[in-house]
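Counting with my numbering, you get residues 5 to 414 for the letters of the sequence shown.
Quick reminder that beta carbons are idealized off the backbone N, C-alpha and C, glycines included.
Beneath this line is the structure, given in structure tokens, with notes to follow.
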Amino acid sequence: MRTLATAETLQVAIDTARSAARPLQELPTEELLAILTEVLRDLGSRTSPGGMTLRRDLEQTTGLTSAMIEWALETTLAAHSPEALRTLARGFDHPHGGTRRPATLHALVLSANVFTACISPIIWSLLARVPTVAKASSRDDTLPHAFVASIRRHGPHIARALQVATFPGGQGALEDILLSQAEAVSIYGHDHTLRTLSARVPPTATVIAHGQGLGVGLIPAGTLRGPAEAPRLADQIALDVAAYDQRGCLSPHAILVQRGNGLDAEQLAPFVFDALARCAIKLPRGGLPREVAAAQLQWRGVAQARGTLLEGDGFAVSVEAGIPLRLSPGYRNIGLYNLAPGGDELRAHLTPFGTHLKALGVAGDDAVGQSIGDSLPPGLVPRISSLGSMQTPPVHGLVEGRMPWHGLLR
């Protein structure tokens, strides 16, 4: 963690970012894309001094193992390929509704549960040509600062437009300094954080809310024909569960198995258990916080009493019945549930989550996923993806039903 911000240093960061608005806005898109490509290549390097320092520091701040950190960096940076950035830039240069001006200042309030989650919003800000001050969590500010350090090396003429300030949440005086001067405010975090900060944003600013959430996996009827297909599907489920130790808002906490498949939840559970065991070797889990250990003990006890529980070393699979779903405590605990075919029972399971449902991983081809997404009731706008890719969203896709430039261009 870097030095904590004070009122004076935070104001300097705000003034510095604003002073770089013109150079950022006058920079040709191709030059900006070239800078971003070099920054991401720098962060992805295992051998450069910056890359080695980044990985060493992340092991101290994230609570993840080195293998999981490397997987997270590789998959996140791959999603931000030069081709993906170019596609994204076309949308920012020609947003729906014609030309718009960039916000004068973007206050980006980051969370710490998924360390790579800062990459996309920082890139969106730069592509929108909005001077940005990122408020990093005092629990983990490693990657935002590494991004800033890299952009200073590869794009020094625009680096002043991106500033990072680290201070704990709940510091009202510091938060008000930042919020009161922003024209766009992105908030990533728990619902309490979202409510508290949103209430203090000036009426002239746009709040871009990203509250707490979860993911759910679905195996529609007819997509799993028999045991021969189960290992591949189980590996996809296990990867989604293991990624980031199941701590993110895209992490699945329940897998719904519609009847009409070659296997039901009880028959699929051992395959998922074996796949999680393989993941534990390739991508070991980090340490279990004490408060999570207590929740895990309770969750597993109830699972054993209500249905079937398969326990491994650092992971568990349960099979239960009932509505509402009993969500797992994370950290590689996952429940499987049988589900009637069709949409009625699926909607009954998912509707109570409302806007907290951030991701729906669907077995089968893209057309199946699209059909499922189209059948969801209004208010449910999860990102639809294939199982196995729930934790690797595309940089140019919809974000909770909105375009990435929402609120940044006015």
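Based on Cα-Cα distance, which residue from the options lies nearest to residue i?
| i | options | result |
| --- | --- | --- |
| ILE223 | LYS139, ASP369, GLN185 | ASP369 |
| CYS283 | GLN374, PHE357, PHE151, ASP317 | ASP317 |
| SER85 | ALA140, LEU68, GLY48 | GLY48 |
| ILE388 | ALA367, PRO345, THR80 | ALA367 |
| LEU364 | PRO207, THR210, GLY221 | GLY221 |
| LEU8 | PRO135, ALA140, GLU42, THR20 | ALA140 |
| GLU404 | LEU267, TYR192, HIS353 | TYR192 |
| TRP128 | SER190, VAL168, SER375 | SER190 |
| ALA188 | GLY334, ALA325, PRO135 | PRO135 |
| ALA299 | ARG263, HIS161, GLY334 | GLY334 |
| ALA225 | HIS214, GLY264, ASP244, VAL245 | GLY264 |
| ALA352 | GLY326, SER375, ARG336 | GLY326 |
| ALA297 | ARG336, ASP378, ARG60, GLY54 | ARG336 |
| ILE380 | LEU354, LEU391, SER390 | According to the sequence provided, residue 380 is Leu. The question's Ile does not apply to it. Comparing Cα-Cα distances from LEU380 to each of LEU354, LEU391, SER390, the minimum goes to LEU354. |
| ALA24 | THR69, ASP144, HIS161 | HIS161 |
| PHE119 | LEU68, ALA163, ARG105 | LEU68 |
| GLY266 | GLU233, LEU292, ARG294 | GLU233 |
| LEU391 | ASP144, ALA163, SER255, GLU87 | SER255 |
| ALA163 | ILE39, GLN262, ILE212, SER184 | ILE39 |
Output needed for residue i: all residues of its chain with C-beta closer than 6 angstroms, excluding positions within five of it in sequence on either side, in chain order.
| i | result |
| --- | --- |
| GLY217 | CYS253, HIS360, LYS362 |
| LEU58 | ALA150 |
| ALA186 | LEU109, ALA111, ALA209 |
| PRO62 | The amino acid occupying residue 62 in the given sequence is Leu; Pro does not appear at that position. Cβ neighbours of LEU62 beyond the five flanking positions: ILE73, THR146. |
| GLU349 | LEU343 |
Rounded to whole angstroms, what is the Cα-Cα separation between residue i and residue j?
| i | j | result |
| --- | --- | --- |
| THR227 | ARG157 | 49 angstroms |
| ASP46 | ALA121 | 17 angstroms |
| ARG26 | LEU413 | 15 angstroms |
| LEU384 | LEU130 | 29 angstroms |
| HIS400 | LEU37 | 14 angstroms |
| SER154 | TYR341 | 46 angstroms |
| VAL206 | ARG251 | A small correction: the amino acid at residue 206 is Pro; Val does not occupy that position in the sequence shown. Whole-angstrom Cα-Cα distance: 32 angstroms. |
| THR51 | GLU30 | 34 angstroms |
| LEU201 | ILE126 | 20 angstroms |
| GLN64 | PHE171 | 18 angstroms |
| TYR248 | PRO356 | 25 angstroms |
| PRO396 | ALA83 | It should be pointed out that residue 396 corresponds to Thr in this sequence rather than to Pro. Using only the alpha carbons, I get a separation of about 7 angstroms. |
| HIS410 | GLU270 | 43 angstroms |
| GLY311 | ALA17 | 55 angstroms |
| LEU147 | LEU166 | 13 angstroms |
| SER115 | THR108 | 23 angstroms |
| ALA11 | PRO382 | 43 angstroms |
| LEU402 | LEU92 | 11 angstroms |
| LEU44 | LEU81 | 6 angstroms |
| THR66 | PRO408 | 26 angstroms |
| GLU34 | PHE96 | 13 angstroms |
| HIS98 | SER393 | 29 angstroms |
| PHE319 | GLY173 | 31 angstroms |
| LEU28 | ARG133 | 6 angstroms |
| ILE259 | GLY339 | 6 angstroms |
| VAL323 | ALA21 | 52 angstroms |
| GLU315 | ASP278 | 11 angstroms |
| HIS194 | GLY215 | 5 angstroms |
| ARG94 | GLY159 | 21 angstroms |
| SER375 | GLY347 | 11 angstroms |
| HIS196 | ASP268 | 38 angstroms |
| MET56 | VAL152 | 16 angstroms |
| GLY377 | PRO386 | 8 angstroms |
| ARG199 | ASP19 | 27 angstroms |
Excluding sequence positions up to five away, which residues of its chain have a Cβ less than 8 angstroms from the Cβ of residue i?
| i | result |
| --- | --- |
| ALA426 | Any answer about residue 426 is impossible in this case: the structure gives the chain only from 5 up to 414. |
| ARG90 | LEU37 |
| LEU14 | VAL137, ALA169, PHE171, LEU178, ILE181, LEU182 |
| ARG105 | LEU413, ARG414 |
Considering only heavy atoms of the ligand HEM, does any lie closer than 7 angstroms to the CB of residue i?
| i | result |
| --- | --- |
| ALA107 | By its list of ligands, the structure shown contains no ligand whatsoever, and the ligand HEM lies outside what it can speak to. |
To which residues of the same chain is residue i closer than 7 angstroms at the C-beta, ignoring the five residues directly before and after it?
| i | result |
| --- | --- |
| SER124 | VAL399 |
| ARG6 | ASP145, HIS149, THR170 |
| GLY291 | GLY67 |
- Task: For the stretch 263 to 339, list the beta strand (DSSP E) runs that are entirely contained and at least 3 residues long, ordered along the chain.
- Result: 312 to 315, 320 to 324
- Query: Which residue spans inside the stretch 113 to 146 form an unbroken beta strand (DSSP E) run of at least 3?
  - Reply: 136 to 140
- Message: For the structure I just gave you, are there three or more beta carbon pairs, one from the stretch 330 to 339 and one from the stretch 303 to 311, closer than 8 angstroms?
- Response: Yes, since at least three Cβ pairs between the stretch 330 to 339 and the stretch 303 to 311 fall closer than 8 angstroms, the two stretches touch.
- Only counting runs of 3 or more residues, tell me where the beta strand (DSSP E) segments fall wholly within the stretch 348 to 383, in order along the chain. 361 to 366
- Item | the stretch 61 to 77 touching the stretch 175 to 192, judged by at least three CB pairs closer than 8 angstroms | no
- Query: At what residue ranges does the stretch 148 to 191 contain a whole run of the beta strand (DSSP E), taking only runs of 3 or more?
  - Reply: 166 to 170
- Tell me the start and end of each unbroken alpha helix (DSSP H) in the stretch 181 to 258 that is at least 4 residues and wholly inside, in chain order. 195 to 202, 234 to 246
- Item | Inter-stretch contact at 8 angstroms, needing at least 3 Cβ pairs: the stretch 228 to 243 / the stretch 369 to 379 | no
- Message: Any contact between the stretch 232 to 245 and the stretch 270 to 284? By contact I mean 3 or more CB pairs, one from each, below 8 angstroms.
- Response: yes
- Every unbroken alpha helix (DSSP H) within the stretch 47 to 83, with a cutoff of 4 residues, ordered by chain: 53 to 65, 70 to 83
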